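Numbering (the UniProt record's numbering), first residue to last: 1 to 318.
Now the structure itself:
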């Protein structure tokens, strides 16, 4: 056996010049550059003897046996039947979901928190994206969940590629410790440049606060259930359509529009919305007329997966 060493370049393992990619694709290994070059910059391939040990980072390495006749240029060593090559898989897309609320009972039981709700959306959206060479729904999404209401721990920015701030029943403009910490952390992420930010409804408003934009009550009152959402020119470009059918559930908003819209709930299913409407009607938040009108639209088609696909394209865009 001979060891053929591959150089680890800034964009990942430069194997496409040495090997025949289809051979590796059949083995489930893709030779494509990492999504952001600086993720693997200055990282060295691990020694083959270490390849099967428990990995200490999120960058997995594997040993692959390749017929030498498929390697160009050929090895200067004596030609055996196969050679051992250390190959780096592309790193996962690491998304930290910052949970700013706890779902109602049935939703929480099914998904285990809003992090689970978004994980379901992102996996479905990754499948709809249909670009397994860039993002495999089962293999390439690494989603962590952080309760930022009841805890004060936040992810290390070196360990993630994006944060996703969820919706919440709380008011984004309140001056209370956990919301202020979240705004400060969002400002830190924004200043970091590499780590990207997605904010959904309450999370969108937190991004607005972090950027110094005023957030407050919606003069038009509650927007609930599936609604038509008119898009700006930036929105049309982002979502590749003239308007969105968006699931809404908010009475606050960013008072100065941001470049990217985010006050809808692409993660909500009709079951989730029905549970919220039932609870808030019983607690006197909605009138009977508001409740019935919203329930009449709750099962309408909405573009949640299309929004999820746009999220992923934004995160994958180098």
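For glycine and all other residues, C-beta sits at the position ideal for the given N, C-alpha and C.
The structure displayed is predicted, hence computed values, not measured ones.
In this structure the stretch 93-109 does not touch the stretch 286-293; the number of beta carbon pairs closer than 8 Å is below three. Of 278, 301, 300, the smallest CA-CA separation from residue 290 is found for 278. It is roughly 15 Å from the alpha-carbon of residue 99 to the alpha-carbon of residue 266.
The three-state secondary structure of residue 153, taken from DSSP, is coil. Excluding its 5 nearest sequence neighbours in each direction, residue 189 has C-beta neighbours in its own chain below 7 Å: 157, 163, 195, 197, listed in chain order. For residue 137, same chain residues with a beta-carbon under 6 Å away, outside a window of 5 residues either side, are 123, 126, 127 in chain order. Pairing residue 186 with residue 201, the inter-Cα distance amounts to about 15 Å. Counting along the chain, the unbroken beta strand (DSSP E) around residue 141 starts and ends at 141-147.
The closest CA to that of residue 207, considering only 227, 180, 229, is found on 180. Sorting 173, 168, 280 by C-alpha distance to the C-alpha of residue 210 places 173 at the top. DSSP, reduced to helix, strand and coil, places residue 125 within a helical segment of the structure shown.
In the three-state DSSP reduction, residue 280 falls in the helix class (H, G or I).
Within the DSSP bridge table, the entry for residue 130 names no partner. Counting along the chain, residue 203 sits inside the alpha helix (DSSP H) bounded by residues 202-210. Per DSSP, residue 235 lies in no beta strand (DSSP E); the unbroken alpha helix (DSSP H) holding it starts and ends at 233-239. With 16 or more other CB atoms across the displayed protein chains lying within 10 angstroms of its CB, residue 204 is buried.
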